[in-house]
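Trainee: The opening position of the sequence shown corresponds to residue 146 in my numbering, with each subsequent residue numbered one higher. Submitted below is the structure of interest, expressed as structure tokens.
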Amino acid sequence: MMRAWILPMLLMLCGSAVATGLIFAEDVGAATAVLLVFLVLAGVNSPLFFPRSISALEAQRRSAVDGRPVVFWRPGCTYCMRLRIRLGRSARRLHWVDIWRDPEGASAVRAANDGDETVPTVVVAGRPHTNPDPEWVREQISSSA
Numbered sequence: 146m147m148r149a150w151i152l153p154m155l156l157m158l159c160g161s162a163v164a165t166g167l168i169f170a171e172d173v174g175a176a177t178a179v180l181l182v183f184l185v186l187a188g189v190n191s192p193l194f195f196p197r198s199i200s201a202l203e204a205q206r207r208s209a210v211d212g213r214p215v216v217f218w219r220p221g222c223t224y225c226m227r228l229r230i231r232l233g234r235s236a237r238r239l240h241w242v243d244i245w246r247d248p249e250g251a252s253a254v255r256a257a258n259d260g261d262e263t264v265p266t267v268v269v270a271g272r273p274h275t276n277p278d279p280e281w282v283r284e285q286i287s288s289s290a
């Protein structure tokens, strides 16, 4: 779990360091702006930005019941963030599995991607789709509702 927080913590530390330098240079306005930018970047890269992750087994069980897609992701992944942002509020209707927290999820992703842990991998009706278009995923959510 600690690995998921490395990038957000580094962004916060770097932002704090740059802002401190700007404060010593007596440019408080720029320091505030820089710190805010780094804090936003840290927040977007944190696990808190994504819906609560569940285990791969639980996600597969829930998907079998409600037909909603399962998204395998990992913190810090640019493509996962792109998918999450483009889905907006409808992202909460998916089942999210953090492959860094769930070894079975990582194994499922490797099985679907010839041994690679390529994310996001979205499983719809038992078929994996690697880094699909967010609009396509949105259509899958609509058809499963």
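C-beta atoms are modelled at their ideal positions from N, C-alpha and C, and glycine is treated no differently.
Just reading off the alpha helix (DSSP H) that R234 is part of, what are its end residues?
Mentor: As a first step, residue 234 is located in the sequence shown; it is residue number 89 there, counting from the start. Looking at the DSSP string, R234 is not in any alpha helix (DSSP H), and its letter there is neither H nor E.
Trainee: Decide if the region 181 to 198 is in contact with the region 148 to 163; the criterion is three or more beta carbon pairs, one per stretch, under 8 Å apart.
Mentor: As far as the Cβ criterion goes, the region 181 to 198 touches the region 148 to 163, which means the pair count is three or higher.
Trainee: In whole angstroms, what is the alpha-carbon distance linking G250 and L155?
Mentor: Residue mapping note: residue 250 aligns to position 105 of the sequence shown, counting from 1. Residue mapping note: residue 155 aligns to position 10 of the sequence shown, counting from 1. Distance between the alpha carbons of G250 and L155 is about 26 Å.
Trainee: Measure the C-alpha to C-alpha separation of A164 and A170 and round it to an integer number of angstroms.
Mentor: As a first step, residue 164 must be located in the sequence shown, where it is residue number 19. As a first step, residue 170 must be located in the sequence shown, where it is residue number 25. Rounded to the nearest angstrom, the two C-alpha atoms are 10 Å apart.
Trainee: For G221, which residues in the same chain have their Cβ closer than 7 Å to its Cβ, ignoring the five residues on either side in sequence?
Mentor: Position 76 of the sequence shown holds residue 221. The residues are L152, N190.
Trainee: How long is the line joining the alpha carbons of V264 and T177, rounded to whole angstroms?
Mentor: Counting from one through the sequence shown, the residue named residue 264 turns up at place 119. Counting from one through the sequence shown, the residue named residue 177 turns up at place 32. Cα to Cα, V264 sits roughly 34 Å from T177.
Trainee: Applying the criterion that 16 or more other CB atoms from any shown protein chain within 10 Å of the CB defines a buried residue, is S288 buried or exposed?
Mentor: As a working mapping, residue 288 is identified with position 143 in the sequence shown. It counts as exposed.
Trainee: Alpha carbon to alpha carbon, how far is V267 from R231?
Mentor: Taking the sequence shown and counting its residues from 1, one reaches residue 267 at position 122. Taking the sequence shown and counting its residues from 1, one reaches residue 231 at position 86. Rounded to the nearest angstrom, the two C-alpha atoms are 15 Å apart.
Trainee: For T177, does the three-state DSSP call read helix, strand or coil?
Mentor: On the sequence shown, residue 177 is found 32 positions in, with the first residue counted as 1. Correct three-state label for T177: helix.
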